[in-house]
Amino acid sequence: MLIILSIFAPFFWLPPTQAKELSTEEREALAQVDVLQNSAWAQCTDSQGAKHLITRVVPRPFKQNSFAPVLGTGEEHQVGYYDLLLYKKEDGKYQMGLEYSPAKLTVADEQNGIQGRYIVKLFVPAYRVYDPRTGWSPWSSGTAGEKEKINFANFTVTKQNNVWNAIPQYNIMTNGQFTLPQCSEVPK
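Read the sequence shown against my numbering and you will find it ends at 188, with the numbers running on by one and no gaps.
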């Protein structure tokens, strides 16, 4: 038994252990993850019809130090990409793996107006990386422990004073920042 959440463009897939009807609070919490994911990741379709989540990685902006010599204008930069393959289900639809659970609130949390907290983990079966100097890396299914269940992001979603806030933590090695690409700009 699977549940598919239509709040996120590439749809979340809940494992059978978590398949159930979502409460209003759960939907609200997952909607926050949706907003953050859609701000930096595009859902693109390749020539074989497979769906991917792709983000562009650019250097973080910097301010020139007025006491140091000018080494560059800040305009020169390398653009990289992360390409995450989505799970293809028996019905032919593509989804992302999702696990979530409520976090126990402490007395201090409650005193600070925190009304709820969820931990959300997102998974994909494979990924690859684009470096403009070397091109696309080979596809990877993860380490032996995560074989085809690569946890690429975790979100802590907190409701405080009736307002939801999500904090992402990506399990992706980069010192750049993610920006939303157009599918047509992604290198082939």
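The beta carbon of each residue, even a glycine, is placed where N, CA and C say it ideally should be.
Closest in C-alpha terms to L122, from the list E146, V107, L105, T134, comes E146. At a cut-off of 4 residues, the continuous stretches assigned as alpha helix (DSSP H) that sit fully inside the region 94 to 175 are 107 to 111. Taking a cut-off of 8 Å for Cβ pairs, the region 27 to 44 and the region 163 to 176 touch, as three or more such pairs fall below it.
Closest option to A40, judged by alpha-carbon separation, among L22, D83, N112, R133: D83. Going by DSSP, V58 is part of the beta strand (DSSP E) stretching over 51 to 58. Relative to N162, the option among Q177, V58, G113 whose CA is nearest is G113. With a beta-carbon spacing of about 6 Å, T156 and I119 fall inside the 8 Å limit used to define contacts. Annotation: E148 to N38 spans about 23 Å, alpha carbon to alpha carbon.
Taking C-beta separations shorter than 8 Å and ignoring five residues to either side along the sequence, the partners of G116 in its chain run E25, A29, P102, L105, T158, K159, following chain order. R27 is the residue among L22, R27, I54 whose C-alpha sits nearest the C-alpha of W164.
Sequence-distant Cβ neighbours of V58 in its own chain, meaning closer than 7 Å and more than five residues away, are H77, V79, G176, Q177, T179. Per DSSP, L84 is one residue of the beta strand (DSSP E) stretching across 80 to 85. Around the beta carbon of G97, a 10 Å sphere encloses 16 or more other beta carbons of the protein chains shown; the residue is thus reported as buried. Cβ-Cβ distances below 6 Å link K88 to Y94 in the same chain, with the five nearest sequence neighbours on each side left out; the list follows chain order. Burial check for T55: the Cβ neighbour count within 10 Å reaches 16 or more, so the residue is buried.
Cβ-Cβ separation between S140 and A126: approximately 6 Å, consistent with a contact (criterion under 8 Å). Look at Q32 here: in three-state DSSP terms it is helix.
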